[in-house]
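J.:
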Amino acid sequence: MGTDSTGEFAEWDEERYSTHIERFDEQHKRLFGLLNDLHTAMNEGHSEEEVGDILRELERYTEYHFGDEEEFMQNCGYAMDCSDCFYNHREMHEEFAGKVQELREKHENGEYVTMEVLTVARDWLDAHIAAGDEDQNYADYFQSEVSDDYEYEPGQLYQERTTSEDPVPVDRQPEDAGVRLDSDVYGGGSLSVPEGSVAAWFEDIVSDHGDRTAALVRDDGEFVERSFEEMAERAKAVAGGLLSTELRPGDRLAIRAQSQYEWSVLDLACHFAGIVPVALYPSASDDRAAQIIERTGATGLVATGDEAGDLSMAVETVLDFEALPTAEARVLPGLQTDGDEVATVAFDVAAPAEKAGCALTHRNLLAAAESLREELPTGPGATGTCSLPLAHIYQRVSTYYLWATGSAVAYLGAEEFVEQLAAIKPDVLVGVPKMYQQLYGTIQDRLGDMGWMKRKVGGRVASYGQGIVEGRGTPLKYRAAKRLVYKPLRRETGLSNLTYALSGTGRLDDHLLYFFRGLGVPICELYGSVGTAGIGALNPAASFVEESIGDPMPGVELAVSESREILVRGPTVLGGFLDGDQTGAQTLRDDWYHTGEVGEVGPDGELSLAE
1 MGTDSTGEFA EWDEERYSTH IERFDEQHKR LFGLLNDLHT AMNEGHSEEE
51 VGDILRELER YTEYHFGDEE EFMQNCGYAM DCSDCFYNHR EMHEEFAGKV
101 QELREKHENG EYVTMEVLTV ARDWLDAHIA AGDEDQNYAD YFQSEVSDDY
151 EYEPGQLYQE RTTSEDPVPV DRQPEDAGVR LDSDVYGGGS LSVPEGSVAA
201 WFEDIVSDHG DRTAALVRDD GEFVERSFEE MAERAKAVAG GLLSTELRPG
251 DRLAIRAQSQ YEWSVLDLAC HFAGIVPVAL YPSASDDRAA QIIERTGATG
301 LVATGDEAGD LSMAVETVLD FEALPTAEAR VLPGLQTDGD EVATVAFDVA
351 APAEKAGCAL THRNLLAAAE SLREELPTGP GATGTCSLPL AHIYQRVSTY
401 YLWATGSAVA YLGAEEFVEQ LAAIKPDVLV GVPKMYQQLY GTIQDRLGDM
451 GWMKRKVGGR VASYGQGIVE GRGTPLKYRA AKRLVYKPLR RETGLSNLTY
501 ALSGTGRLDD HLLYFFRGLG VPICELYGSV GTAGIGALNP AASFVEESIG
551 DPMPGVELAV SESREILVRG PTVLGGFLDG DQTGAQTLRD DWYHTGEVGE
601 VGPDGELSLA E
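Numbering-wise, the UniProt record's numbering puts 320 at position 320 of the sequence shown, and it's gapless, one number per residue.
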């Protein structure tokens with residue numbers, strides 16, 4: 001395999017490489033794309049840093065793709081019926097992954113490895129994926145031995161971060177730097193946080209995924225695609241427009257608008273311009289919005305139409321969200337912003353405006369996005385949702401996480417999101433308990449329209465889900481229930497492609513949890529707060545523990561203080577509070593963020609919220 005007539009190092013050939021399983025063909029095509037990117041970088045003399053980025057992405061690809069493929073082989077029966085083939089296949093995966101890691105480390109030590117990587121990868125494509133070789137074995141098995149009603153549900157076997165063990169205490173500190181602890185410190189492992197600003201990070205994302213879809217935007221009743229390149233071009237033009245007004249780098253700009261594509265464009269534009277966005281909840285009263293503008297020292301306001309109202313008197317610059325200014329920006333100051341500078345000021349919607357003004361740094365936001373990417377691996381071409389207010393830091397960092405993986409963000413209307421889910425069939429659902437309650441109501445309505453037998457089967461879904469969550473398993477008739485009722489329901493409501501269904505900001509009601517797990521929706525509960533950039537711990541579908549907040553995420557450490565308060569430490573913990581916030585000294589001490597929530601550690605090391 002050499003450079004073909006199109007100038008590509010590796011060209012996808014359907015007849016030679018296809019497994020006829022769409023999920024894995026798409027993942028294999030991603031490998032071809034990475035190799036072509038590496039070949040182009042070598043031929044065009046790109047920087048060693050860019051080559052390193054591609055090698056690190058290749059290493060992440062092996063972890064995600066190999067884990068997914070091996071789980072599929074176990075799930076569909078191939079690993080049991082063809083055990084020798086399966087273990088040989090897995091051994092080849094381990095060998096290739098080890099070689100990629102070795103070459104990445106060599107590159108970081110200053111050795112030239114690009115040609116060696118391409119040679120190793122070329123041999124891999126020919127020996128492993130091509131027709132007649134390893135990947136075709138399980139593909140042939142799937143076509144000939146697996147029944148047509150089989151449905152692969154990722155996450156059922158795979159234990160997060162390749163281990164089924166409980167979180168490991170990193171140290172025991174009766175007194176930790178002035179904060180007295182009453183538990184071990186539980187760590188989620190190391191985390192490599194991108195350097196620099198959100199703007200510089202997004203530039204790298206665009207470099208990696210330029211013409212891929214970054215956003216799905218509602219237009220005249222249809223979803224249209226916006227590429228990463230288009231989004232960056234629009235954001236830079238708006239950044240130039242912002243800097244053509246009285247706004248200057250370092251100023252704070254309040255944003256009061258509904259979540260949509262242009263909100264994210266404006267957010268990125270602020271980062272490119274070096275301006276600090278202050279997100280206001282659209283539902284907030286004028287009085288609360290005015291208090292936040294005053295407290296943050298915002299000098300500008302973006303609002304929809306005439307919604308600025310009396311708030312315009314509190315700022316120097318007022319801009320219409322529906323007519324954002326644009327101009328060519330000769331310089332984009334945000335590209336040079338340090339990672340430890342304030343990137344945004346965020347508020348807890350439930351807290352008084354005079355409290356909890358969290359100054360989150362670029363490093364905080366990028367650490368949260370990277371931690372999500374490590375914990376919830378997905379690949380380019382996937383789609384995630386944005387239906388929550390982007391003033392909510394959890395939703396905002398979730399969009400960053402999706403872009404970091406090369407995935408698209410689908411912007412759904414808050415009122416129409418249930419209907420719109422069916423149109424986009426997301427891979428990642430970003431939600432909160434209230435959203436799942438709405439979705440539950442819609443599905444119950446669909447069940448009510450079915451015949452009495454299917455309604456009866458539908459009535460058992462929560463009990464089946466309880467068996468799954470509690471580890472008791474399900475009866476044989478559950479398989480028939482999935483085929484006849486649950487799978488069609490998921491397809492009708494757009495839930496059929498889900499790899500992760502996130503629920504943040506609070507625990508799901510037990511009945512909702514059981515209902516969705518029985519339906520086949522891989523619910524993951526995310527624990528975090530505004531002060532930790534929206535993340536902290538994850539209770540994943542594959543190893544869900546009832547009542548627990550889950551395991552600490554990569555880069556995060558958790559502990560319980562002597563007063564039984566849950567503490568969080570790590571790169572996602574806010575850089576500080578607004579000036580004049582008297583709660584700051586008590587909330588942020590000795591690198592520990594005091595959540596204000598009471599917790600307890602169970603006998604197996606699981607951390608849970610106490611009553």
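From the three backbone atoms N, C-alpha and C, an ideal C-beta is built for every residue, glycine too. Computed from a prediction, not measured in an experiment: that's the story for all the values here.
(1) Is it buried or exposed for Q260, if we count other Cβ within 10 angstroms and need 16 for buried?
(2) H594 lies in the alpha helix (DSSP H); which residues open and close that run?
(3) For D37, does the count of other Cβ atoms within 10 angstroms reach 16, so buried, or fall short, so exposed?
(4) What runs of the alpha helix (DSSP H), each 4 residues or longer, lie entirely inside the region 405-481?
(5) Measure the CB-CB distance between L58 and H107 and report whether it falls below 7 angstroms.
(6) In its own chain, which residues sit with a C-beta less than 7 angstroms from the C-beta of T361, not counting the 5 before and 5 after it?
(7) On the DSSP bridge assignment, give the partners of C358 in chain order.
(8) What residues in its chain sit with their C-beta under 7 angstroms from that of P277, if we drop five residues either side in the sequence?
(9) By how many angstroms is the C-alpha of Y593 removed from the C-alpha of D604?
(10) Leaving out five residues before and five after Y401 in sequence, what residues of the same chain have Cβ atoms less than 7 angstroms from its Cβ?
(11) Does the contact criterion of 3 or more C-beta pairs under 8 angstroms hold for the region 478-488 versus the region 522-535?
(12) Return the chain-ordered list of same chain residues with a C-beta closer than 7 angstroms to the C-beta of F66, the five sequence neighbours on each side being excluded.
(13) Residue range of the alpha helix (DSSP H) that T296 falls in?
(14) Give me the Cβ distance between L319 and P325, rounded to the nearest whole Å; I'm assuming they're in contact under 8 angstroms.
(15) Taking the continuous alpha helix (DSSP H) assigned at Y261, which residues delimit it?
(16) For A177, count neighbouring C-beta atoms within 10 Å of its own C-beta (all shown protein chains included) and say buried if the count is 16 or more, exposed if not.
(17) Cα separation between L388 and K425?
(18) So the candidates are T213, D287, S548, Q437; which of them puts its Cα closest to the Cα of A408?
(19) Near I423, which residues of its chain fall below 8 angstroms by C-beta distance, leaving aside the five closest residues on each side in sequence?
(20) When you compare the CB positions of S207 and A559, do they come within less than 7 angstroms of one another, or not?
(21) From the DSSP secondary-structure annotation, give me the bridge partner or partners of A254.
(22) Just checking, does the region 506-519 make contact with the region 459-475 on the three C-beta pairs under 8 angstroms criterion?
(23) Would you kindly check if the distance between the Cβ of A367 and the Cβ of G240 is under 7 angstroms?
(24) Based on the DSSP secondary-structure assignment, which residues constitute the bridge partners of R56?
(25) Are the Cβ atoms of Y281 and V349 separated by less than 7 angstroms?
(26) For residue 615 and I21, what's the separation of their Cα atoms in angstroms?
(27) Taking V530 as part of the beta strand (DSSP E), name the residues at either end of that continuous run.
(28) Is it a yes or a no for the region 381-395 touching the region 189-204, going by three-plus beta-carbon pairs under 8 angstroms?
(29) Could you say which of D211, C524, A329, Q101 lies nearest to E375 if we only look at CA atoms?
(30) Does N539 come out as helix, strand or coil in the three-state DSSP assignment?
(31) Can you round the beta-carbon distance between T469 and E419 to whole angstroms, since I take them to be within the 8 angstroms contact cut?
(32) Closer than 8 angstroms by C-beta to S496: which residues in its own chain qualify, once you throw out the five before and the five after it? Chain order, please.
(33) Between the beta-carbon of L578 and the beta-carbon of G431, is there less than 7 angstroms?
(34) Taking the alpha-carbon positions, what's the W452 to K434 distance?
(35) Determine the direct distance from the alpha carbon of A346 to that of A359, and round the result to whole angstroms.
(36) Helix, strand or coil: which one does DSSP assign to T317?
T.: Let me spell this out:
(1) Locating residue 260 in the sequence shown gives position 260, where the first residue counts as 1. Buried: at least 16 other Cβ atoms inside 10 Å.
(2) Along the sequence shown, one-based indexing puts residue 594 at 594. For H594, there is no enclosing alpha helix (DSSP H); the enclosing beta strand (DSSP E) has its first and last residue at 592-601.
(3) For the purposes of this step, residue 37 is taken as residue 37 along the sequence shown, with counting starting at 1. Under this definition D37 is a buried residue.
(4) 417-424, 433-448, 452-458, 461-469, 477-481
(5) In the sequence shown, counting from the first residue as 1, residue 58 sits at position 58. In the sequence shown, counting from the first residue as 1, residue 107 sits at position 107. No; because the gap between Cβ atoms is not below 7 angstroms, this pair is not in contact.
(6) The count along the sequence shown starts at 1 and reaches residue 361 at position 361. The answer, listed in chain order, is G339, D340, E341, V342, A343, G575.
(7) Within the sequence shown, residue 358 is the residue found at index 358, counting from 1. DSSP output for C358 lists A346, F577 as bridge partner(s).
(8) Indexing the sequence shown from 1 puts residue 277 at position 277. Excluding residues within five positions, the ones whose Cβ falls inside 7 angstroms are L253, I255, D267, C270, T344.
(9) Position 604 of the sequence shown, counted from the first residue, corresponds to residue 604. Position 593 of the sequence shown, counted from the first residue, corresponds to residue 593. If you draw a straight line from the Cα of D604 to the Cα of Y593, it is about 24 angstroms long.
(10) Taking the first residue of the sequence shown as position 1, residue 401 is located at position 401. Taken in chain order, the residues that qualify are A369, L372, R373.
(11) no
(12) Start at 1 with the first residue of the sequence shown, and residue 66 comes out as number 66. The beta carbon of F66 is closer than 7 angstroms to those of H93, A97 in its chain, skipping five residues each way along the sequence.
(13) As a position in the sequence shown, residue 296 is number 296, starting the count at 1. Counting along the chain, the alpha helix (DSSP H) containing T296 begins and ends at 286-296.
(14) Within the sequence shown, numbered from 1, the residue matching residue 319 stands at position 319. Within the sequence shown, numbered from 1, the residue matching residue 325 stands at position 325. With a Cβ gap of about 7 angstroms, L319 and P325 count as contacting.
(15) One-based indexing of the sequence shown puts residue 261 at position 261. First-last of the alpha helix (DSSP H) with Y261: 261-273.
(16) The residue given as residue 177 occupies position 177 in the sequence shown. Its pLDDT being 49, under 50, A177 is placed unreliably in this model, and the coordinates cannot settle the point.
(17) The residue given as residue 388 occupies position 388 in the sequence shown. The residue given as residue 425 occupies position 425 in the sequence shown. If I take the Cα positions, the gap works out to 17 angstroms.
(18) One-based indexing of the sequence shown puts residue 408 at position 408. Minimum Cα distance to A408 is reached at T213.
(19) One-based indexing of the sequence shown puts residue 423 at position 423. Rather than Ile, the amino acid found at residue 423 in this sequence is Ala. Excluding sequence neighbours, A423 sits near F223, G494.
(20) In the sequence shown, counting from the first residue as 1, residue 207 sits at position 207. In the sequence shown, counting from the first residue as 1, residue 559 sits at position 559. No. Outside cutoff.
(21) Stepping through the sequence shown from its first residue, residue 254 is reached at position 254. A254 pairs with V278, L301.
(22) Taking a cut-off of 8 angstroms on C-beta distances, the region 506-519 touches the region 459-475, as three or more cross pairs fall below it.
(23) In the sequence shown, the residue the question calls residue 240 occupies position 240. In the sequence shown, the residue the question calls residue 367 occupies position 367. Their beta carbons are not under 7 angstroms apart, which means G240 does not touch A367 by this criterion.
(24) For the purposes of this step, residue 56 is taken as residue 56 along the sequence shown, with counting starting at 1. Answer by DSSP bridge pairing: none, since R56 is not bridged.
(25) By one-based count along the sequence shown, residue 281 stands at place 281. By one-based count along the sequence shown, residue 349 stands at place 349. It is a contact, given that the beta carbons lie within the stated cut-off.
(26) In the structure displayed, the chain extends from 1 to 611; residue 615 sits before or after that span and is not available.
(27) As a working mapping, residue 530 is identified with position 530 in the sequence shown. From DSSP, V530 is part of no beta strand (DSSP E); its letter is neither H nor E.
(28) no
(29) Translated into the one-based positions of the sequence shown, residue 375 becomes position 375. It is C524 whose Cα lies nearest to the Cα of E375.
(30) Counted from its first residue, the sequence shown places residue 539 at position 539. Here DSSP, grouped into helix, strand and coil, assigns N539 to strand.
(31) On the sequence shown, position 469 is the one that residue 469 refers to. On the sequence shown, position 419 is the one that residue 419 refers to. It should be noted that the sequence gives Val, not Thr, for residue 469. Contact doesn't hold; Cβ gap of about 28 angstroms is too wide.
(32) Counting from one through the sequence shown, the residue named residue 496 turns up at place 496. Excluding positions up to five away in sequence, the list reads K425, K487, R490.
(33) On the sequence shown, position 578 is the one that residue 578 refers to. On the sequence shown, position 431 is the one that residue 431 refers to. It is not a contact, given that the beta carbons lie outside the stated cut-off.
(34) Along the sequence shown, read from residue 1 onward, the residue named residue 452 stands at position 452. Along the sequence shown, read from residue 1 onward, the residue named residue 434 stands at position 434. Straight-line Cα distance between these residues: approximately 29 angstroms.
(35) The residue you call residue 359 lines up with position 359 of the sequence shown. The residue you call residue 346 lines up with position 346 of the sequence shown. Roughly 7 angstroms between the two C-alpha positions.
(36) Numbered from its first residue, the sequence shown carries residue 317 at position 317. The answer is strand: DSSP assigns T317 an E or B state.
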